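Under mature numbering (1 follows the signal peptide of the UniProt record, and there is no 0), residues -26 to -1, 1 to 238 are what the sequence shown spells out, in order.
Everything below concerns the one structure shown next.
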Amino acid sequence: MEKGAMKYLRKLALTVCCLFSLSLHAETAGRVVSVMPVVHLIAQELLQDTGIDVVFLAPERLPINRISGWLRRVDSQSLTEADVVITVESVWPSLELYPLMRTLSIRTIPIDLATELSPGGARVLMRPDAALESEFFWLDLNNLTQMINVAARDLGRVWPEHATTIDQNRFALQRAIQQTQIRIDNQLAESGVTTLSLADERLMPLAYTLGIPLVADAGDLLMTSTPEPDTESIWVIETLQRLSVGSLPEWLVSLEAAIQVNRP
């Protein structure tokens, strides 16, 4: 009887260990890291309902121009290894993250949303005369859509078991972007906006997306990244310099809602 009881207990212990191991595996189905807000928001949306962790490594309070300093100071041993690191370091080298994460695990896979890491891969469009890191290229909604497509393709290859879910999330994001662009175009047309002026040159990618002529000053609508007192018609753009919104769809809604046109 004692032998039978011991045998049963050993089997029970083995079963518990196996279940615990499976539980740990389920809890760590995957880990994706980034340090650029727009990249984090893209990954977060695409990986919904997959169980894969999406982690923004930098302190959320830091704007983009201070994250590079944090990267230089951070101790790699204070970080946890990741399966995938998503960046745009091909066009924003000050936020280079992959080499740091590679020191933790040689198996870490890099995904660059600005320059697809494959022969003839897609690239975001940048103005030829724009200085390095001088424009918020993700504000061009065509660039944003392309970044989403690159992320979805590569993440689906890393986790083929979640490829269908990732694609569904991608389609939902694409629809949200298209609908936002249509509503913005309609709102500007109905408000009689025929010219734009910029208070911040970094907003040029969004201005180009709209296809409305730019003037040096006194445009029908002033595009800016900070509030401008005594300006009647103004569009204060949330530029995603820091992780200031909870999701990409939330940001799209805020982009549309921020347009204030007051015509005489």
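All residues carry an ideal CB built from backbone N, CA and C; glycine is no exception.
Keep in mind the model is a prediction, meaning the values are calculated, not measured.
Per the Cβ contact rule, the segment 16 to 23 is in contact with the segment 140 to 159 (3 or more Cβ pairs under 8 Å).
Counting only the Cα atoms, Val189 lies some 41 Å from Val29. Gln120 is classed as buried because its beta carbon has at least 16 other beta carbons within 10 Å across all chains shown. The count of Cβ pairs closer than 8 Å, one atom from the segment 188 to 205 and one from the segment 116 to 135, stays below three, leaving the stretches out of contact. Residue environment analysis places Thr200 among the exposed positions, since fewer than 16 neighbouring C-beta atoms fall within 10 angstroms of its C-beta.
Taking the CA atoms as reference points, Glu107 sits about 31 Å from Trp133.
Taking the Cα positions, Ser171 is about 5 Å away from Gly193.
Sequence-distant Cβ neighbours of Ile41 in its own chain, meaning closer than 7 Å and more than five residues away, are Val9, Ala32, Leu69. Asp57 is the residue among Leu99, Asp57, Pro203, Gly94 whose C-alpha sits nearest the C-alpha of Ile83. Per the C-alpha coordinates, the member of Met75, Pro203, Pro11 positioned closest to Val48 is Met75. Looking only at Ile233, Ala137, Leu226, Arg97, the smallest Cα-Cα distance to Gln153 is reached by Leu226.
In the three-state reduction of the DSSP assignment, Arg5 falls in the strand class, which pools E and B.
In its chain, beyond the 5 residues on either side, Leu184, Leu229, Glu230, Ile233 have a beta carbon closer than 8 Å to the beta carbon of Ile158. The DSSP assignment places 195 to 198, 208 to 210 as complete runs of the beta strand (DSSP E) inside the segment 180 to 218, in order along the chain (cut-off: 3 residues).
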